[in-house]
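Participant: Okay, handing you the structure first.
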Amino acid sequence: MIRSGHQIPKIFRWLEGGLFNWTVPLEDSDISSIKETELYAYKVPNQKLPSSFKERVFSAVRLPRSNGLLGIAVVDTYLAVWTDTNRIKTLLATAPLVRSAIQMDNN
């Protein structure tokens, strides 16, 4: 998920490379509950996202002070969150809450 004023067009995702080069945006209907956050969600093409996972990620980005998050990514077992230097204190305060909201119960 990337905080942006608008969804990134395909040509710019391709030119940027990296993460954006191999992802596709989620449908507008899938992200309607997070529109007010200005975060746009992307996934691997043809990957089905479990609804429970989407709910956890979407709840994490609506946490208090989550506007410090500029991006969040889950790759395999890794969770990455990032921010700009002006929001680092907000990110550090929010990151544990984000992690606990996303973390799956392994029991």
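Residue numbering for the sequence shown follows numbering that gives the first Met the number 0, beginning at 0 and increasing consecutively. C-beta: ideal position from N, C-alpha, C; glycine also. What you are looking at is a predicted structure, and each value in this text was computed from that prediction instead of being measured.
State the Cα-Cα distance for the pair E26 and S50, rounded to the nearest angstrom.
Facilitator: 14 angstroms
Participant: Would you mind giving the Cβ-Cβ distance between I71 and V97, rounded to the nearest angstrom? I have them listed as a contact below 8 angstroms.
Facilitator: 7 angstroms
Participant: Once you ignore the five residues that flank L69 on each side, which residues in its own chain have a CB closer than 8 angstroms to its CB?
Facilitator: I1, R2, W81, T82, D83, R86
Participant: Assign L90 to one of two classes, buried (16 or more other C-beta atoms within 10 Å of its C-beta) or exposed (fewer than that).
Facilitator: buried
Participant: If we count the other Cβ atoms within 10 Å of its Cβ and call it buried at 16 or more, is F57 buried or exposed?
Facilitator: Classification of F57: buried, given that the 10 Å Cβ count is 16 or more.
Participant: The alpha helix (DSSP H) with A40 in it runs from where to where?
Facilitator: Where A40 is concerned, there is no enclosing alpha helix (DSSP H), given that its DSSP letter is neither H nor E.
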